[in-house]
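Report on the following structure.
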Amino acid sequence: MAQTVSDFIVERLHAWGVRRIYGYPGDGINGMFGALNRFQSKQKHDRTGDSDQGIQFIQVRHEEMAAFMAAAHAKFTGELGVCIATSGPGASHLITGLYDARMDHMPVLAIAGQQARAALGGHYQQELDLVSMFKDVAGAFVEQASVPAQVRHLVDRAVRTALAERKVTAIVLPNDLQDLPYEAPGRKHGTLHSGVGFRAPRLVPYPDDLQQAVDVLNAGKKVAILVGAGALHATDEVIAVAEKLGAGVAKALLGKAALPDDLRWVTGAIGLLGTKPSYDLMTECDTLLMIGSGFPYSEFLPKEGAARGVQIDIKADMLSLRYPMEVNLVGDSVETLRALLPLLEHKQDRAWRRTVEDWTEDWWRTLERRAHEAGNNAVNPQRTVWELSKRIPADSIVTSDSGSCANWYARDLKVRRGMMCSLSGGLASMGAAVPYAIAGKFAFPERPVIALVGDGAMQMNNMAELITVSKYWQDWADPRWICMVLNNEDLNQVTWEQRVMNGDPKFEASQNIPSVPYHRFAELIGLKGIYVDDAEQMGAAWDEALAADRPVVIEVKADPNIAPLPPHVTLAQAKAFATTLMKGDPEQGNVIVETARQVLGAVLPGHRDK
Ligand SMILES: Cc1ncc(C[n+]2csc(CCOP(=O)(O)OP(=O)(O)O)c2C)c(N)n1
Ligand SMILES: [Mg+2]
Numbered sequence: 001m002a003q004t005v006s007d008f009i010v011e012r013l014h015a016w017g018v019r020r021i022y023g024y025p026g027d028g029i030n031g032m033f034g035a036l037n038r039f040q041s042k043q044k045h046d047r048t049g050d051s052d053q054g055i056q057f058i059q060v061r062h063e064e065m066a067a068f069m070a071a072a073h074a075k076f077t078g079e080l081g082v083c084i085a086t087s088g089p090g091a092s093h094l095i096t097g098l099y100d101a102r103m104d105h106m107p108v109l110a111i112a113g114q115q116a117r118a119a120l121g122g123h124y125q126q127e128l129d130l131v132s133m134f135k136d137v138a139g140a141f142v143e144q145a146s147v148p149a150q151v152r153h154l155v156d157r158a159v160r161t162a163l164a165e166r167k168v169t170a171i172v173l174p175n176d177l178q179d180l181p182y183e184a185p186g187r188k189h190g191t192l193h194s195g196v197g198f199r200a201p202r203l204v205p206y207p208d209d210l211q212q213a214v215d216v217l218n219a220g221k222k223v224a225i226l227v228g229a230g231a232l233h234a235t236d237e238v239i240a241v242a243e244k245l246g247a248g249v250a251k252a253l254l255g256k257a258a259l260p261d262d263l264r265w266v267t268g269a270i271g272l273l274g275t276k277p278s279y280d281l282m283t284e285c286d287t288l289l290m291i292g293s294g295f296p297y298s299e300f301l302p303k304e305g306a307a308r309g310v311q312i313d314i315k316a317d318m319l320s321l322r323y324p325m326e327v328n329l330v331g332d333s334v335e336t337l338r339a340l341l342p343l344l345e346h347k348q349d350r351a352w353r354r355t356v357e358d359w360t361e362d363w364w365r366t367l368e369r370r371a372h373e374a375g376n377n378a379v380n381p382q383r384t385v386w387e388l389s390k391r392i393p394a395d396s397i398v399t400s401d402s403g404s405c406a407n408w409y410a411r412d413l414k415v416r417r418g419m420m421c422s423l424s425g426g427l428a429s430m431g432a433a434v435p436y437a438i439a440g441k442f443a444f445p446e447r448p449v450i451a452l453v454g455d456g457a458m459q460m461n462n463m464a465e466l467i468t469v470s471k472y473w474q475d476w477a478d479p480r481w482i483c484m485v486l487n488n489e490d491l492n493q494v495t496w497e498q499r500v501m502n503g504d505p506k507f508e509a510s511q512n513i514p515s516v517p518y519h520r521f522a523e524l525i526g527l528k529g530i531y532v533d534d535a536e537q538m539g540a541a542w543d544e545a546l547a548a549d550r551p552v553v554i555e556v557k558a559d560p561n562i563a564p565l566p567p568h569v570t571l572a573q574a575k576a577f578a579t580t581l582m583k584g585d586p587e588q589g590n591v592i593v594e595t596a597r598q599v600l601g602a603v604l605p606g607h608r609d610k
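Start counting the sequence shown at 1; every next residue gets the next number (full-length UniProt numbering).
Take a look at the structure:
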């Protein structure tokens, strides 16, 4: 059989290094699935013993999940993530996952089917204007193919652009085109002759600019560092720089795994989900060094003008965006920090460093105390993550969903060196934890993978994606894959936002969600289910799950009345909360006394919550 357009595309993706594609079929994209099938059999036939030579297709339950998995693949491996879907609804389902990749600067390629070329423009079934639809999310490169000789450069440009610009790209393939014989571009006017290959350049600022940064950093007496996803591969360099500068380091959510939390000067997460020492670090520093972070909330950074700033980012458009920096360095974090290191002076006065360490030590004690407070007839959710921290293997991959669990993930999960952690950061979408955890497992099957999820997010789509786990887990080299669900029958994060940010009582119609026996669902589909309704059993539940011979769902009956409060409650928030009390809240009896103490205590002088 002659090579089809789809056969060519699959081979070209393979030549680009693609080894896994997440997706879902449909008649708009069947030509590509036929080619993937042929390619797999051909590879099996040619195989020299290395089963990794082909392209593995992973079938998901919903195309949005395929896009989340592609984004997570890129996050965990640094490679291109690829997802594929049929025309119309398949393509439109991809969108949220693609936005997740785009917001977090991940290279992802989406391949979508389309109706036959002759039908286009005819209000045909499942015909959407996909180029327009993808134009925003995949604006870096989106193109619909119309003739066979075009697809070579479409694949090459889509992949190279995604990798080089760390953006989402998309190729739209009409279904009749997919099965046509492939034609190489002829040697004539109006043809393109593209090639495969991309190597990231070494990006280091000029010596003059490095020197400017050094001058600012050497002059600082109280240096704060903020690291984000761009510092994940720069652990040693960040440690070395922080040691020289006697700095404290806060971590943006996507940079959680950049530094282990056993370093006493690592203040942990920053922002609404952050820690008190990170807040203090930023409020009291005189110099800020920001490395590879797009952390969005300026109010958690130093007050404008209060600190001198140096920023390092691989993307110039992220520089001086949240804080007006004095020195803006475009560069790779590892290379740039290595270039700075020999020029930095070792600060002799370590008083600031000791202050930061004291704050942090104090904070960990606060967290421990908070985690051990009793829940109201249910498990205090902070305890769940606290217990995980005590026993988490150093090679674990941890993902979190958006919801109250992101607070406990951000604050209570102690990162060990070697761990990988991620979530939907910029988009903060619900429903990402399980697909992220699946992609993490496929990328690193020998590592334990743990997803932290709320019950709302579970019901939204994570639950269905457990079926994907049940479909594939027996192929994994190591079965340890654990999803912990906080069953609090509430969209709790938002319930608390309504109370504290808006001053509204809980709106039960929008906030209450039904209880579902998640652990029993797990058992029904061949996984292990564990149910915990007593905080004292939490440690044993983790031990059991980490030793299990199959993936596990731990369902925790979690207390919705433990507030995921910001580290520093403002007067406005305390006032809003006080209004809530006056308006009457359905949970008033349970919640409010303890929270009122914490919220109001945090803003009244002499009443710091310790
Ligand atoms: C797709 C999407 N829809 C809505 C939101 C807004 N949102 C953020 S957290 C949250 C509640 C999550 O509830 P649940 O998963 O039960 O976790 P909990 O906070 O109760 O622990 C909502 C609705 C969002 N981030 N993403
Ligand atoms: Mg919930």
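Ideal placement from N, C-alpha and C gives every residue a C-beta, glycine not left out.
message: E143 and I171 - do their beta-carbons sit closer together than 8 Å?
response: Contact flag set, yes.
DSSP-derived helix/strand/coil call for Q3: Q3: coil per DSSP, three-state reduction.
field: Pairwise C-alpha distance: M484 and K414
entry: The alpha-carbon atoms of K414 and M484 are separated by roughly 17 Å.
query: Unbroken beta strand (DSSP E) runs of length 3 or more, entirely within the region 360-415: which are they?
result: Counting only runs of 3 or more, we get 397-400.
task: For L423, verify whether its CB is less than 7 Å away from any heavy atom of ligand 2.
output: No, since every heavy atom of ligand 2 falls outside the 7 Å radius drawn around the Cβ of L423.
- request: May I ask whether a heavy atom of ligand 1 can be found less than 7 Å away from the beta carbon of L486?
  value: Remark: the C-beta of L486 is in contact range of ligand 1, defined as less than 7 Å to any heavy atom.
- prompt: For W481, which three-state DSSP category applies?
  reply: Note: W481 maps to strand in three-state DSSP.
task: Any chance you could list the beta strand (DSSP E) runs of at least 3 consecutive residues sitting entirely within the region 15-66, in chain order?
output: Taken in chain order, the unbroken stretches of beta strand (DSSP E) that lie wholly in the region 15-66 and span 3 residues or more are 20-23 and 56-59.
- prompt: Alpha carbon to alpha carbon, how far is R499 from W408?
  reply: R499 and W408: Cα-Cα distance of roughly 19 Å.
- prompt: Distance, Cα to Cα, V196 vs W16?
  reply: Straight through space, the alpha carbons of W16 and V196 are spaced by roughly 6 Å.
- prompt: Taking C-beta to C-beta, are A439 and M133 nearer than 8 Å?
  reply: Their beta carbons are not under 8 Å apart, which means A439 does not touch M133 by this criterion.
Distance cut-off 7 Å: Q43 Cβ against heavy atoms of ligand 1: Distances taken from the Cβ of Q43 to the heavy atoms of ligand 1 include none shorter than 7 Å.
message: In the DSSP output, what is V553 paired with across the bridge?
response: V553 pairs with C483 and G529.
query: How about the region 506-526 and the region 431-451: do they share at least three Cβ pairs that are nearer than 8 Å?
result: The region 506-526 makes no contact with the region 431-451; the number of CB pairs closer than 8 Å stays below 3.
message: Using DSSP's beta-bridge definition, name the partner residues of L263.
response: For L263, which the question treats as bridged, DSSP gives no partner whatsoever.
query: Can you tell which of S402, K441, R411 and R416 has the C-alpha that lies nearest to the C-alpha of G425?
result: For the set S402, K441, R411 and R416, the Cα lying nearest the Cα of G425 is the one of S402.
Endpoints, alpha helix (DSSP H) assigned at D208: Residues P207 to A219.
field: Minimum length 4: unbroken alpha helix (DSSP H) runs contained in the region 144-213
entry: List check, alpha helix (DSSP H) in window: 151-165 and 175-178.
Cβ contact (3+ pairs, closer than 8 Å) linking the region 296-306 and the region 430-444: Too few Cβ pairs lie closer than 8 Å, so no.
query: Any chance the CB of Q493 is under 7 Å from a heavy atom of ligand 1?
result: The answer is yes for Q493.
- prompt: Is the region 541-559 touching the region 474-484 in the sense that three or more CB pairs, one from each, lie closer than 8 Å?
  reply: Judged by Cβ distances under 8 Å, the region 474-484 makes contact with the region 541-559, as three or more pairs qualify.
message: Quick check on the DSSP output: what are the complete beta strand (DSSP E) runs of length 3 or more inside the UniProt domain "Thiamine pyrophosphate enzyme central" (210-340), in order along the chain?
response: DSSP runs (the beta strand (DSSP E)) wholly in the UniProt domain "Thiamine pyrophosphate enzyme central" (210-340): 223-227, 248-251, 266-269, 287-291, 308-313 and 327-330.
query: When every heavy atom of ligand 2 is checked, does at least one fall within less than 7 Å of the C-beta of G456?
result: Checking the Cβ of G456 against ligand 2 gives yes.
- prompt: Name the DSSP beta bridge partners of F141, please?
  reply: DSSP, once it has assigned bridges, lists T169 as partnering F141.
field: Three-state secondary structure (DSSP) of R12
entry: In the three-state scheme derived from DSSP, where H, G and I count as helix and E and B as strand, R12 is classed as helix.
- prompt: Is V10 buried or exposed, if buried means 16 or more other CB atoms sit within 10 Å of its CB?
  reply: Per the 10 Å Cβ criterion, buried.
query: Among the residues of its own chain, which have a CB less than 8 Å from the CB of D215, if the five just before and after it don't count?
result: Cβ contact annotation for D215 (same chain, cutoff 8 Å, sequence separation greater than five): none.
Coil, strand or helix - G90 by DSSP: In the structure shown, G90 sits in a helix (DSSP, three-state: H, G or I).
Close-in-space but distant-in-sequence residues of the same chain around T355 (CB under 7 Å, 5 per side omitted): No residues qualify anywhere along the chain.
query: So L341 packs on V241, CB below 8 Å; how close in whole Å?
result: With 8 Å as the limit, L341 and V241 qualify as a contact, their Cβ atoms being about 6 Å apart.
field: Selection from A371, E387 and D104 that minimises the alpha carbon distance to N380
entry: Minimum Cα-Cα distance from N380 among the listed residues A371, E387 and D104 corresponds to A371.
message: Pairs of beta-carbons, one from the region 199-209 and one from the region 266-285, closer than 8 Å: are there three or more?
response: Judged by Cβ distances under 8 Å, the region 199-209 makes no contact with the region 266-285, as fewer than three pairs qualify.
message: In the DSSP output, which residue or residues are listed as bridge partners for Q114?
response: Note: Q114 sits in a beta bridge opposite P174.
field: H193, buried or exposed, once every other Cβ within 10 Å from all chains shown has been counted against 16
entry: Answer is exposed; the Cβ neighbour count stays below 16.
- prompt: Going by the C-beta, is L490 closer than 7 Å to any heavy atom of ligand 2?
  reply: In the sequence as presented, Leu is not what sits at residue 490; that position holds Asp. Yes.
message: Just verifying my parser: in three-state terms, what is the DSSP assignment at D100?
response: The answer is helix: DSSP assigns D100 an H, G or I state.
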